[in-house]
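Those sequence lines, one after another, are chains F and H. When we follow the UniProt record's numbering, the leftmost residue of the first sequence carries the number 1, and every step to the right adds one. When we follow the UniProt record's numbering, the leftmost residue of the second sequence carries the number 1, and every step to the right adds one. For each residue, glycine too, the CB sits at the ideal point set by N, CA and C. No experiment lies behind these values; they were computed from the predicted model shown. Reviewing the structure listed below.
Number of protein chains: 2
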Amino acid sequence: MGLTKTEIFTEEQNKLASLLKAMAHPARIAILQQIIAANACICGDLVEELGLAQATISQHLKELKNAGIIQGTIEGVKVCYCIEPKAWALLESQLGNFLTSYKKSESCC
Amino acid sequence: MGLTKTEIFTEEQNKLASLLKAMAHPARIAILQQIIAANACICGDLVEELGLAQATISQHLKELKNAGIIQGTIEGVKVCYCIEPKAWALLESQLGNFLTSYKKSESCC
DNA sequence: ATTTTATATCGCAATATTACGATGATTTAA
DNA sequence: TTAAATCATCGTAATATTGCGATATAAAAT
Numbered sequence: 001m002g003l004t005k006t007e008i009f010t011e012e013q014n015k016l017a018s019l020l021k022a023m024a025h026p027a028r029i030a031i032l033q034q035i036i037a038a039n040a041c042i043c044g045d046l047v048e049e050l051g052l053a054q055a056t057i058s059q060h061l062k063e064l065k066n067a068g069i070i071q072g073t074i075e076g077v078k079v080c081y082c083i084e085p086k087a088w089a090l091l092e093s094q095l096g097n098f099l100t101s102y103k104k105s106e107s108c109c
Numbered sequence: 001m002g003l004t005k006t007e008i009f010t011e012e013q014n015k016l017a018s019l020l021k022a023m024a025h026p027a028r029i030a031i032l033q034q035i036i037a038a039n040a041c042i043c044g045d046l047v048e049e050l051g052l053a054q055a056t057i058s059q060h061l062k063e064l065k066n067a068g069i070i071q072g073t074i075e076g077v078k079v080c081y082c083i084e085p086k087a088w089a090l091l092e093s094q095l096g097n098f099l100t101s102y103k104k105s106e107s108c109c
C-alpha cells in the first residue's frame, strides 16, 4: 500500500489535508514566514536565509506552488514568490471553522 | 537522506510543523471532526464510521496521540478519545498568529 | 477458566518524503 | 558569443508514511 484512500473522504477533508500537508514542514513554514515578513515578493534569497541546499529549497517551493499556496513570477534572472491570496483565504476560513468547532467541555476525560 | 533537518529551525517552527503534520491526513481530519462533533469522548466507533481497517484507525489515533492532539482513557474494554484542550489551544494561537500575519497587499505579483 | 469484545502492536509491501549533488535551462552582463 | 547568475529538474540514497492482515493484550461476560 502506501497510498491514501482519498475516495472515502469528502472533498473538503482531502483539500484541507493537502493544504496542511504542504505547510507541515519546518522549512516550508520558514519559507512562508519569510515571504509574509517581506510583505512582498521574495526573490529567493531563501537559500542563504535557511540552511538548506538550493535544490532542496526549490523543491519545497514547488510543493507550496503545487498546493496553490504561493505563486512565482519570473523577474529577469530571478523568480519572485508571493502568497496566493485565494488559497490563504481558503485556509483561514476552513481551518478557522475547524479549529473553532471545538469548544472545551467539562463532560470529558 | 530522507530526514528533516530540525536543528536549523526554531522550536516554534518545528512544533507547529509537527502539529500540522499530525492533522495533515484526511482520515485524521475525519477522526478529529467526529470527536469534536460528539462533543465528548468517542469510544472508538470510528472503524465503522470511516472506511478503514481497525489496524489503520488505531495507527492514526496513535499519531494524533503522539502529537498530543488527543488523549485516550481506558473505559472498560473500550478506549475513549477526546481532544487535548492545551494542544488545541496552542494550535489555535500559533496557527491563528501565523495565518493572520499575512495581509493581502497590492504591491505584489 | 474460557470466551467474547475492543484495541494495540507487529510485520510487511507499496509508495511518498527529504535532502543534495549534478546537470539543464534561461536571462542578464561582459 | 561567452560567461555569470538564478532557478528548475533529474537521479539517487535514506528514511517515513499508509494500509492491512495477523496476532497480541486486556477487560468483561459467560
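Check this for me: beta carbons of Q33(H) and A30(F), under 8 Å apart or not? no
Proximity test, Cβ basis, 8 Å: E84(H) and chain F: no
Would you give the residue range spanned by the beta strand (DSSP E) that V79(F) belongs to? K78 to I83
What is the residue span of the beta strand (DSSP E) that T73(F) lies within? I70 to E75
Comparing alpha-carbon positions, which option in D45(F), L90(F) and L99(F) lies nearest I69(F)? L90(F)
Whose Cβ in chain F lies nearer than 8 Å to the Cβ of G51(H)? K5 and I8
Rounded to a whole number of angstroms, what is the C-alpha to C-alpha distance between T56(F) and D45(F)? 13 Å
Hey, quick one: how far does the alpha helix (DSSP H) through I31(F) stretch, first residue to last? P26 to A38
Can you list, in chain order, the residues of its chain whose CB lies under 6 Å from that of C43(H), leaving out five sequence neighbours each side? K78 and C80
Report back the beta-carbon spacing between T4(H) and H60(F) to the nearest angstrom; my notes put them in contact at under 8 Å. Between H60(F) and T4(H) the Cβ distance is about 11 Å, and since that is not below 8 Å, they are no contact.
Quick check: the Cα distance between L73(F) and I83(F), rounded to an integer number of angstroms? Sequence check: residue 73(F) is Thr here, not Leu. Approximately 11 Å between the Cα atoms of the pair.
Checking contacts by CB at 8 Å: is A24(F) closer than that to chain H? yes
Of all Cβ atoms in chain H, is any one closer than 8 Å to the Cβ of N66(F)? no
Which residues in chain H sit within 7 Å of N39(F), going by Cβ to Cβ distance? S105
To the nearest angstrom, report how far apart G96(F) and L95(H) are at their CA atoms. 9 Å
Under 8 Å Cβ-Cβ, which residues of chain F neighbour K78(H)? Near K78(H) there are no residues of chain F at all, since even the closest Cβ is about 12 Å away, more than 8 Å.
Measure from the C-beta of I29(H) to each C-beta in chain F and report whether the shortest distance is under 8 Å. yes
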